[in-house]
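To keep things clear, I will list the structure first and then write my remarks on it.
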Amino acid sequence: MNHLLRPLAPITSAGWQLIDQEANQQLKVALAARQLVDFTGPHGWEHSAVNLGRTRAVPTSPATGVSALARRVLPLVELRTDFALSKAELADVDRGADEIDLAPLTDAARRIALAENVAVFHGFPEGAIEGIIEQSPHPAVGLADDFESYPSDVARAVERLRQDGIGGPYGLALGPEGYTGVVESTQHGGYPVFDHLHRLLSGPIVWAPGVSGAVVLSLRGGDFQFESGLDLAVGYDHDDEESVHLYFQESFAFRVVTAEAAVALSG
Numbered sequence: 131m132n133h134l135l136r137p138l139a140p141i142t143s144a145g146w147q148l149i150d151q152e153a154n155q156q157l158k159v160a161l162a163a164r165q166l167v168d169f170t171g172p173h174g175w176e177h178s179a180v181n182l183g184r185t186r187a188v189p190t191s192p193a194t195g196v197s198a199l200a201r202r203v204l205p206l207v208e209l210r211t212d213f214a215l216s217k218a219e220l221a222d223v224d225r226g227a228d229e230i231d232l233a234p235l236t237d238a239a240r241r242i243a244l245a246e247n248v249a250v251f252h253g254f255p256e257g258a259i260e261g262i263i264e265q266s267p268h269p270a271v272g273l274a275d276d277f278e279s280y281p282s283d284v285a286r287a288v289e290r291l292r293q294d295g296i297g298g299p300y301g302l303a304l305g306p307e308g309y310t311g312v313v314e315s316t317q318h319g320g321y322p323v324f325d326h327l328h329r330l331l332s333g334p335i336v337w338a339p340g341v342s343g344a345v346v347l348s349l350r351g352g353d354f355q356f357e358s359g360l361d362l363a364v365g366y367d368h369d370d371e372e373s374v375h376l377y378f379q380e381s382f383a384f385r386v387v388t389a390e391a392a393v394a395l396s397g
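If you read the sequence shown in the numbering used here, its first letter stands for residue 131, the second for the next number, and so on.
If you want it as structure tokens, here you go:
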């Protein structure tokens, strides 16, 4: 038994299978950062820090004539969000019901995916995470209000990366409003904006809840590193007469290795 305490929950194997299936479907769509950065792990719940391969000077030492250095590490941050499912609904799973109310799970999955995206793209200083957009040294490219103009804006961002010697392919993280606008827009002549962007980037265009504006980043590898301890999982907290109280939890660290490998776009 691990810390998630799933065997203690009054949930059958069929119930857990449905919960995990729905969680995976929701998270796969919403976890934008993982689609664009290097992902390693999961290394397990006990994994606590990333070795940075660097040291810092220690002002004192245990004996005269002896110097000391302390190894630098990046601690993992833990994220958790709670939700509850109806015992009556879970009982209907075992009766073969197809339409089960999993709305609380869906909402929780979206919350924790949003938190992860915000941490990676915009930073989370309290969790020792410096975000991609905040670390980029490039001035932000202006993002037009007209979605038909997005290709020219993205082209400017790509050109800026190329001028700095940052090769492709490139990916684009778009906030929900921008993503919807791009998908629904066509340029003069009827050419879809989405397809035009894809040709410019040679990489994915990702729906990214939590991203303000957009960001173009290189997918050549090695520039942005996401290290997972516990990958996103559902655990059991407690239950009462009507509900089973569960939670999503994960642990991870993120670091920007090459800040120049991303350009933000803002309106």
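From the three backbone atoms N, C-alpha and C, an ideal C-beta is built for every residue, glycine too.
Small disclaimer: the values here were computed from a predicted structure and weren't measured.
query                                                                                                                                                    : result
Please tell me whether Gln355 and Val167 are closer than 8 Å, where the distance is taken between their beta carbons.                                    : yes
Can you say whether Tyr300 is buried or exposed, counting buried as having 16 or more other CB atoms within 10 angstroms of its CB?                      : buried
Please check the pair Ala162 and Ser266, which I expect to be a contact at CB under 8 Å, by giving their CB distance rounded to whole angstroms.         : Their Cβ separation, rounded to whole angstroms, is 17 Å, which puts Ala162 and Ser266 out of contact at 8 Å.
Under 8 Å, with one C-beta from each stretch per pair, do the segment 291-306 and the segment 342-352 reach the 3-pair mark?                             : yes
State the Cα-Cα distance for the pair Leu349 and Arg225, rounded to the nearest angstrom.                                                                : 47 Å
Would you decide whether Val188 is buried or exposed? Buried here means 16 or more other CB atoms lie within 10 Å of its CB.                             : exposed
Under a three-way DSSP split, which group does Thr190 fall into?                                                                                         : coil
Roughly how many whole angstroms lie between the Cα atoms of Leu157 and Leu148?                                                                          : 14 Å
Can you grab the Cα-Cα spacing for the pair Ala221 / Glu229, in whole Å?                                                                                 : 12 Å
Between which two residues does the alpha helix (DSSP H) harbouring His375 extend?                                                                       : No alpha helix (DSSP H) contains His375, which is instead part of the beta strand (DSSP E) from 373-386.
Terminal residues of the continuous alpha helix (DSSP H) containing Ile263?                                                                              : 262-265
With 16 as the cutoff for other CB atoms within 10 Å, does Ala227 come out buried or exposed?                                                            : exposed
In three-state DSSP terms, what is His252?                                                                                                               : helix
Is the beta carbon of Ala214 sitting closer than 8 Å to the one on Leu376?                                                                               : yes
Tell me, to the nearest whole angstrom, how far the beta carbon of Gly365 is from that of Val387; I am working on the premise that it is less than 8 Å.  : About 32 Å separates the two Cβ atoms, so there is no contact after all.
Please confirm whether Leu360 and Ser381 have their CB atoms less than 8 Å apart.                                                                        : yes
Considering only the alpha carbon of each residue, which of Leu135, Asn132, Glu390 lies closest to Pro269?                                               : Glu390
Determine which residues share a DSSP beta bridge with Arg202 and list them.                                                                             : Arg184
Can you name, in chain order, every residue of its own chain whose Cβ lies under 7 Å from the Cβ of Gln165, other than the five neighbours on each side? : Pro334, Val336
Where do the N-terminal and C-terminal ends of the beta strand (DSSP E) with Glu289 fall, by residue?                                                    : No beta strand (DSSP E) contains Glu289, which is instead part of the alpha helix (DSSP H) from 280-293.
Are Arg186 and Ala198 close, meaning C-beta to C-beta below 8 Å?                                                                                         : no
Under the three-state reduction of DSSP, which class applies to Pro137: helix, strand or coil?                                                           : helix
Compute the distance between the beta-carbons of Phe254 and Gly340, then report whether it is under 8 Å.                                                 : no
Would you identify the three-state DSSP class for Leu215, choosing helix, strand or coil?                                                                : strand
In chain order, what residues of the same chain lie with their CB nearer than 6 Å to the CB of Asp231, ignoring the 5 residues before and after it?      : Glu219
Using DSSP bridges, identify the partner residues of Pro322.                                                                                             : Thr316
What does a CB cutoff of less than 8 Å around Ala153 pick up in its chain, not counting 5 residues either side in sequence?                              : Leu235, Ala239, Leu362, Val364, Phe378
How many angstroms separate the CA atom of Pro137 from the CA atom of Gly195?                                                                            : 56 Å
If you follow the alpha helix (DSSP H) that Gly301 is part of, which residue opens it and which one closes it?                                           : That residue, Gly301, is in no alpha helix (DSSP H); its beta strand (DSSP E) goes 300-304.
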